[in-house]
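Working notes for the structure below.
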Amino acid sequence: MKDKLLVTPPPHVKSPKAVQGIMLDVVIALLPAAIAGAVLFGFRSLLIILASVASAVASEAIYQKAVKKQVTVNDFSAVITGLLMALTLPPDVPVWMPVIGSAFAIVIAKQVFGGLGYNFVNPALAARAFLLAAWPLHMTRDWLNPMTYEALSTATPLVGFNVTGQSGLTLTQMLLGQRPGSIGETCILALLLGGVYLIARDVIDYRIPVGYLGTLAVGTWIFGKPGALFQGDPLSGILLGGAFIGAFFMATDYVTSPVTPRGRLFMGIGAGLITLMIRLWGGYPEGVTYAILFMNLVTPLIDRYVVPRYYGSGHDAVARKAAGGETR
Amino acid sequence: MNENKTFLGYDFVKGFIKENPTFALAVGMCPTLAVTTSLVNGFWMGVAVIFVLTFSNVFVSLLRKFIPDEIRIPVFIILIATPVVIVELVMKAYLPAMYDILGIFVPLIVVNCIIIHRAEAFAYRNRVLNSAMDALGSGMAFTLNLMVIGAIREFLGTGQIAFGSAVFPKAPLFEPAAVMLTPPGGFITLGVLMALLNIAVARVSKRKTTQSQSG
Chain H
37 MKDKLLVTPP PHVKSPKAVQ GIMLDVVIAL LPAAIAGAVL FGFRSLLIIL ASVASAVASE
97 AIYQKAVKKQ VTVNDFSAVI TGLLMALTLP PDVPVWMPVI GSAFAIVIAK QVFGGLGYNF
157 VNPALAARAF LLAAWPLHMT RDWLNPMTYE ALSTATPLVG FNVTGQSGLT LTQMLLGQRP
217 GSIGETCILA LLLGGVYLIA RDVIDYRIPV GYLGTLAVGT WIFGKPGALF QGDPLSGILL
277 GGAFIGAFFM ATDYVTSPVT PRGRLFMGIG AGLITLMIRL WGGYPEGVTY AILFMNLVTP
337 LIDRYVVPRY YGSGHDAVAR KAAGGETR
Chain C
34 MNENKTFLGY DFVKGFIKEN PTFALAVGMC PTLAVTTSLV NGFWMGVAVI FVLTFSNVFV
94 SLLRKFIPDE IRIPVFIILI ATPVVIVELV MKAYLPAMYD ILGIFVPLIV VNCIIIHRAE
154 AFAYRNRVLN SAMDALGSGM AFTLNLMVIG AIREFLGTGQ IAFGSAVFPK APLFEPAAVM
214 LTPPGGFITL GVLMALLNIA VARVSKRKTT QSQSG
């Protein structure tokens, strides 16, 4: 009964969208990136994606069975978690890592807190952070060269970019994903395709990715070149790391991002700033995971302070008050 | 508590489930999270707490009629600090390696919630023998908790569990997850164990109520 008497902020407009439909849209939007990852990094990456999705769905079903809750694996949310987590992994990690990661994402980061809608951080990112802390060597070394599938012996382009301010890659290479990186983060065109699809279908708000990538680009332009201001390479700054997949698919997670348009803009800008700070002045080469996780944590705070104006308040009310009229 | 005044067994047993210091009362979290990176660390921390807790509970109980209510907390602290110094010096003398690992957490037992909690909530208003049993029960439960958490974290974080010089298994069976030895690993282990114990207790008490209703 408690679950049926939900009191939410107005306006109360019934939306024809259901969880399943939205989630299916996200899965569709992620497919180009997954296919691109499989092409760029070979059969292994496909295996990792499949293992991750299978583990996520199985964990959700087993947990819900075990605690006698309704099994909700057919709403596709576990599929998305598994898919997203796999796309953020280096392509040469052992196959047991996505299995453990997805199980952690579903059980520890999502179901223990009450399931879909109650998790306070993005489960896929929480699992990625867990894997990064648990097996740091695999998570920072198991890169492959695209198309040749050979193990990478040098640092990833992003590491070099953070140090020198130069990417050493052409724009085409970066857009097509012809660089070492996580399975799903490199092919920008595929991610952009999925992101635009989601914005066009009104599934995600453009403010989060635009705020995120815009902040990161401007910040990279200002601080990206060591020893000089306003000479950085903003394009490489947003194309080289995991910023695209993070901005379109992770920071926009309904459960863990603000509900108001202005709040969403703050979410994007905040995540962009933190990513920039971790990359340039922090100990890790990439900061997307921690930036979004941090903004997930402050989302309730943003929602609390960024409240839309009541209808009838604002300028008119101020003017009436100034004129000595009645105010409500 | 009055009807149990002479029931010593209950005072001992209640510390394990109903008033389990770590999982039911959530006191003494600082050493619980900080020193439980291995089974042996958890064991020696627990032993130190058992000694301090028994000593302080007995003396608080003995002196309970003479301690003025207004200044009871400072008096408790003095009564607790005495055994803590004893433990610290003994450990430094006979277990210097363990003392280096436990470090600041041994002197910090003085302000450990478990000890002050048992002194304030139990020893201050109960007889000496009951207080001693209460201290032993709580202390042993605390030791057991630390050992379980320590064993889980050590096994997952290093792939092995060491008892002195014996190590089991000889070679790690899997790639150890370094995160389990860090504070997040401590929180995750603690949370999962707490949840499992709560589920178990809820199941048992539910079965009891249905039995008493039908019977």
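Protein sequences appear in the order of chains H and C. For the first sequence, counting from 1, position 297 maps to 333 in the working numbering; every step adds exactly one. For the second sequence, counting from 1, position 116 maps to 149 in the working numbering; every step adds exactly one. Where a beta carbon is used, it is the ideal one built from N, C-alpha and C, also for glycine. All figures in this text were calculated on a predicted structure; none of them were measured in a lab.
Check                                                                                                                                                                                        : Outcome
Please list the segments of the alpha helix (DSSP H) lying wholly inside the stretch 119 to 193 of chain H, counting only runs of 4 or more residues, in order along the chain.              : 132 to 140, 159 to 170, 172 to 177
Contact between the stretch 217 to 231 of chain H and the stretch 114 to 133 of chain H is defined here as three or more beta-carbon pairs at a separation below 8 Å; is this criterion met? : yes
Assuming Val-143 of chain H and Tyr-99 of chain H make a contact with CB atoms under 8 Å, what is their CB distance in whole Å?                                                              : 5 Å
With burial defined as no fewer than 16 other Cβ atoms inside 10 Å of the residue's Cβ, what is the status of Ser-245 of chain C: buried or exposed?                                         : exposed
Would you kindly check if the distance between the Cβ of Val-117 of chain C and the Cβ of Tyr-157 of chain C is under 8 Å?                                                                   : no
May I ask you to report which of helix, strand or coil DSSP gives Val-200 of chain C?                                                                                                        : strand
When Cβ atoms are compared, which residues of the stretch 204 to 216 of chain C fall closer than 9 Å to chain H?                                                                             : Phe-207, Glu-208, Pro-209, Ala-210, Ala-211, Val-212, Met-213, Thr-215
Would Pro-245 of chain H and Gly-304 of chain H qualify as a contact pair, given that the criterion is a beta-carbon distance under 8 Å?                                                     : yes
Would a check of beta-carbon distances place Thr-363 of chain H closer than 8 Å to chain C?                                                                                                  : Summary for Thr-363 of chain H: the model assigns pLDDT 47, below 50, so the residue's position carries little reliability; its value from the coordinates is reported in the next sentence. For Thr-363 of chain H, the answer is no, since every Cβ of chain C falls outside 8 Å of its Cβ.
Counting pairs of beta carbons, one from the stretch 131 to 140 of chain C and one from the stretch 75 to 82 of chain C, are three or more of them closer than 8 Å?                          : yes
Hey, quick one: how far does the alpha helix (DSSP H) through Gln-267 of chain H stretch, first residue to last?                                                                             : Where Gln-267 of chain H is concerned, there is no enclosing alpha helix (DSSP H), given that its DSSP letter is neither H nor E.
Report yes or no: is there a C-beta of chain H within less than 8 Å of the C-beta of Ile-221 of chain C?                                                                                     : yes
Against chain C, does Ala-169 of chain H count as a neighbour if the rule is that its beta carbon must be under 8 Å from one of theirs?                                                      : yes
Inspect the beta-carbon positions of Leu-249 of chain H and Ile-281 of chain H and report whether they are closer than 8 Å.                                                                  : no
Less than 8 Å between the beta carbons of Met-175 of chain H and Ser-272 of chain H, yes or no?                                                                                              : no
Return the CA-CA distance between Ala-97 of chain H and Pro-205 of chain C, expressed in angstroms with no decimal places.                                                                   : 31 Å
Going along the chain, which residues of its own chain have a beta-carbon closer than 8 Å to the beta-carbon of Leu-41 of chain C, five neighbours each way excluded?                        : Leu-162, Asn-163, Met-166
I'd like to know whether the C-beta atoms of Leu-276 of chain H and Pro-193 of chain H end up nearer to each other than 8 Å.                                                                 : yes
Using CA atoms only, rank isn't needed, just tell me which of C:Gly-172, C:Tyr-127, C:Lys-125, C:Arg-160 is closest to Ile-148 of chain C.                                                   : C:Gly-172
Using DSSP bridges, identify the partner residues of Ala-195 of chain C.                                                                                                                     : C:Val-200
Can you look up Lys-50 of chain H in the DSSP assignment and give me helix, strand or coil?                                                                                                  : coil
Nearest to Ala-170 of chain H by CA position, among C:Gly-192, C:Leu-169, C:Val-144, C:Met-62, is which residue?                                                                             : C:Gly-192
Thinking C-alpha only, which one of H:Tyr-154, H:Leu-161, H:Ile-85 is nearest Gly-10 of chain H?                                                                                             : Since the displayed chain H opens at 37 and closes at 364, residue 10 of chain H lies outside it and no answer follows.
Given a cut-off of 8 Å, decide if Gly-306 of chain H and Val-342 of chain H are closer than it, judged by their beta-carbon atoms.                                                           : no
Could you tell me how far apart the beta carbons of Asp-111 of chain H and Leu-180 of chain H are, in whole angstroms, since I believe they sit closer than 8 Å?                             : Between Leu-180 of chain H and Asp-111 of chain H the Cβ distance is about 33 Å, and since that is not below 8 Å, they are no contact.
So, Met-213 of chain C versus Gly-183 of chain C, is the Cβ gap smaller than 8 Å?                                                                                                            : no
By the criterion of Cβ-Cβ separation under 7 Å, what are the contact partners of Ile-144 of chain H in chain C?                                                                              : Ile-221
Under the three-state reduction of DSSP, which class applies to Glu-208 of chain C: helix, strand or coil?                                                                                   : coil
Starting from Phe-77 of chain H, trace the alpha helix (DSSP H) both ways and give me its first and last residue.                                                                            : 55 to 77
Please classify Thr-70 of chain H as buried or exposed, where buried requires at least 16 other C-beta atoms within 10 Å of its C-beta.                                                      : Note on identity: in this sequence residue 70 of chain H is Ala, with Thr being the wrong assignment. With 16 or more other Cβ atoms within 10 Å, it is buried.
Spatial neighbours of Gly-61 of chain C within its chain, please: C-beta separation below 7 Å, excluding the five flanking residues on both sides.                                           : Pro-54, Thr-55, Asn-145, Cys-146, Ile-147, Phe-175
For Pro-64 of chain C, which residues of its own chain have a beta-carbon under 6 Å away from its beta-carbon, when the five flanking residues on both sides are left out?                   : Met-78, Phe-138
Is it true that the CB of Val-89 of chain H sits closer than 8 Å to the CB of Arg-66 of chain H?                                                                                             : One point to set straight first is that residue 66 of chain H is Leu, not Arg, in the sequence displayed. Not closer than 8 Å, so no.
Find out if the Cβ-Cβ distance for the pair Met-331 of chain H, Ala-287 of chain H is shorter than 8 Å.                                                                                      : yes
Using a beta-carbon distance cut-off of less than 8 Å, what residues from the stretch 309 to 322 of chain H approach chain C?                                                                : none
In whole angstroms, what is the alpha-carbon distance linking Thr-87 of chain C and Phe-45 of chain C?                                                                                       : 12 Å
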